[in-house]
Amino acid sequence: MRETNRLRMRRAEELSCVSSRCVIVELPFSLVPLFTSSSFPRSSPSPISSLHFPRVDLVHKASNQMVGGGVIQQILRRKLHSQSVATPVLSWFSSKKAHVDADSSGVRAFALLGAGVTGLLSFSTVASADEAEHGLACPDYPWPHDGILSSYDHASIRRGHQVYQQVCASCHSMSLISYRDLVGVAYTEEEAKAMAAEVEVVDGPNDEGEMFTRPGKLSDRLPQPYANESAARFANGGAYPPDLSLITKARHNGQNYVFALLTGYRDPPAGISIREGLHYNPYFPGGAIAMPKMLNDEAVEYEDGVPATEAQMGKDVVSFLSWAAEPEMEERKLMGFKWIFLLSLALLQAAYYRRLKWSVLKSRKLVLDVVN
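Under full-length UniProt numbering, the first residue of the sequence shown carries the number 1, and numbering increases by one thereafter.
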């Protein structure tokens, strides 16, 4: 009995040892006979073959002790061999992918560069087409009367009226300006009366029902160069000279546009042909204008001795036209300054009154006597 118990304990220890070391790999059933027949000598009985197990997994685990090592070595050797064979292939594919990525990144860079150049060229083409249709954008000039509290240069207005009389009045009218509007702005009342008297104005009818001519008065408008629009177009080859009374407000960026137009005559660039009777000016819509260049150096002799350069005459006539479009500008700015001053005083008074009336209500304390 003792011998049997000792044998059973020994077999249990061997089984626990085998099972603890053989958990990783399970062998197929075909390897069990190899294990059972060749693992132990024939003289001694196999410690495992004499046991009865409810499952076969323990036999698979036990067989790993004898032959599992060789099988595992073969499996590992095969895996390492396959990896060693696959490594050059994988490295070739990875290098190929890197080259493809580099090539694709280069192609992408060239594509982006081409798209940028195309966009720039298309933008310049659109800008050139827009300039050809609407004219070149005018520069911003520092006009002295554009400030918040600045006023017109009245000496420049007088010189500008002189330029208009001697250069522009032969084609352009100013139907909204009277001689009396010039009094106190550019001329005295006597000078304006003398200027108006030099013009013969058609008036009437008289007592006999006939029209007559008389010397001009302060209430008369500046004279018209043509009797009607048809006469103006006939005299200018089909082009109609616009009225200059509101020209600086009738054009976009009016002051800068008029100055740039008067001083912007150029020779047409290569590839642009201007038909006969027109003149190239990049600031005019379309680039071809019927009006020739009218402002030339020393074309007018100023009364105050200022050099009559092209730029000076352009600046003076634009000042005169700006005043003609907004003669109330100085009065409007002065009135606005007065209103701002009065409203500031009213605001201070309102703030003081609010403080006086509401400070008592905002700072008072209420004591509540709670009666239990």
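All residues carry an ideal CB built from backbone N, CA and C; glycine is no exception.
Asked	Found
List the DSSP bridge partners of ASP203.	PHE212
Could you pull out every residue in the same chain whose Cβ sits closer than 8 angstroms to the Cβ of THR213, ignoring the five residues on either side in sequence?	GLU200, VAL201, VAL202, ASP203
Would the beta-carbon of ALA196 fall within 8 angstroms of that of GLY216?	yes
Which same chain residues, not among the five before or five after ASP369, have their C-beta less than 8 angstroms away from its C-beta?	none
Among the residues of its own chain, which have a CB less than 8 angstroms from the CB of GLU330, if the five just before and after it don't count?	SER151, TYR152
In three-state DSSP terms, what is ALA235?	helix
Does the stretch 310-323 touch the stretch 137-156, meaning 3 or more C-beta pairs lie closer than 8 angstroms?	yes
Can you tell me which of GLY147, ARG221, GLY237, LEU361 puts its alpha carbon nearest to the alpha carbon of ASP181?	ARG221
Classify MET174 as buried or exposed, calling it buried when 16 or more other Cβ atoms lie within 10 Å of its own Cβ.	buried
Leaving out the 5 sequence neighbours to the left and right, which residues in its chain are closer than 7 angstroms to LEU261 when beta-carbon positions are compared?	ASN281, TYR283, PHE284
Taking the alpha helix (DSSP H) that ASN256 falls in, what are its first and last residues?	254-263
What does a CB cutoff of less than 6 angstroms around ARG158 pick up in its chain, not counting 5 residues either side in sequence?	ALA186
Can you find at least 3 beta carbon pairs, one from the stretch 290-298 and one from the stretch 266-280, that sit closer than 8 angstroms?	yes
If I measure Cβ to Cβ from ALA98 and keep anything under 6 angstroms in the same chain, skipping five residues before and after, which residues do I get?	With a pLDDT of only 48 at ALA98, under 50, the local geometry of the prediction cannot be trusted, and the value read off the model is given with reservation. Closer than 6 angstroms at the Cβ level, and outside the excluded window around ALA98, lies no residue.
Taking the alpha carbon of ILE177 as the reference point, which residue from ASN256, ALA324, ILE247, TYR257 has its own alpha carbon closest?	ALA324
Quickly, what does DSSP pair TYR187 with across the bridge? List them, please.	VAL183
For a test of the three-state rule: what should DSSP assign to THR87, helix, strand or coil?	With a pLDDT of only 47 at THR87, under the threshold of 50, the placement of this residue in the model should not be trusted, and no figure is reported.
Terminal residues of the continuous alpha helix (DSSP H) containing ALA155?	154-163
Tell whether a beta-carbon distance below 8 angstroms holds between HIS172 and LEU244.	yes
At 4 residues or longer, what runs of the alpha helix (DSSP H) sit wholly inside the stretch 304-341?	310-325
Under three-state DSSP, which class holds SER124?	Note that SER124 scores 44 on pLDDT, short of 50, meaning its location in the model is unreliable and no value can be drawn from it.
Identify which residue in ILE247, TYR353, ILE340 has its Cα closest to the Cα of GLU326.	ILE247
According to DSSP, is HIS134 part of a helix, a strand, or is it coil?	helix
I need the boundaries of the alpha helix (DSSP H) containing ILE177, first residue and last residue.	Note, ILE177: premise wrong, no alpha helix (DSSP H); not H, not E.
DSSP three-state label for TYR352, please.	helix
Per DSSP, what kind of secondary structure is ILE289 in: helix, strand or coil?	strand
According to DSSP, is ARG364 helix, strand or coil?	coil
Excluding the 5 residues preceding and the 5 following SER170 in the sequence, name in chain order all residues of the same chain whose CB lies nearer than 8 angstroms to its CB.	PRO225
Does any CB atom of chain B fall closer than 8 angstroms to the CB of HIS145?	Of the protein chains in the structure, only one exists, and it is not chain B.
Just tell me which of ARG233, SER363, GLN312, GLU208 has its CA closest to the CA of THR263.	GLN312
If you reduce the DSSP assignment to three classes, tell me which class ARG221 lands in.	strand
Given ALA239, which residues of its chain have a CB within under 6 angstroms of its CB, disregarding the five upstream and five downstream residues?	ALA290
At which residues does the alpha helix (DSSP H) containing ALA227 begin and terminate?	Taken as a continuous stretch (DSSP letters only), ALA227 belongs to no alpha helix (DSSP H), as it is neither H nor E.
If you count every other CB in all the chains shown that lies within 10 Å of the CB of TYR353, and 16 or more means buried, which is it?	exposed
Per the DSSP calculation, HIS145 is bridged to which residue(s)?	In DSSP, HIS145 forms no bridge with anything.
Opposite TYR280 in the DSSP bridges: which residues?	ALA288
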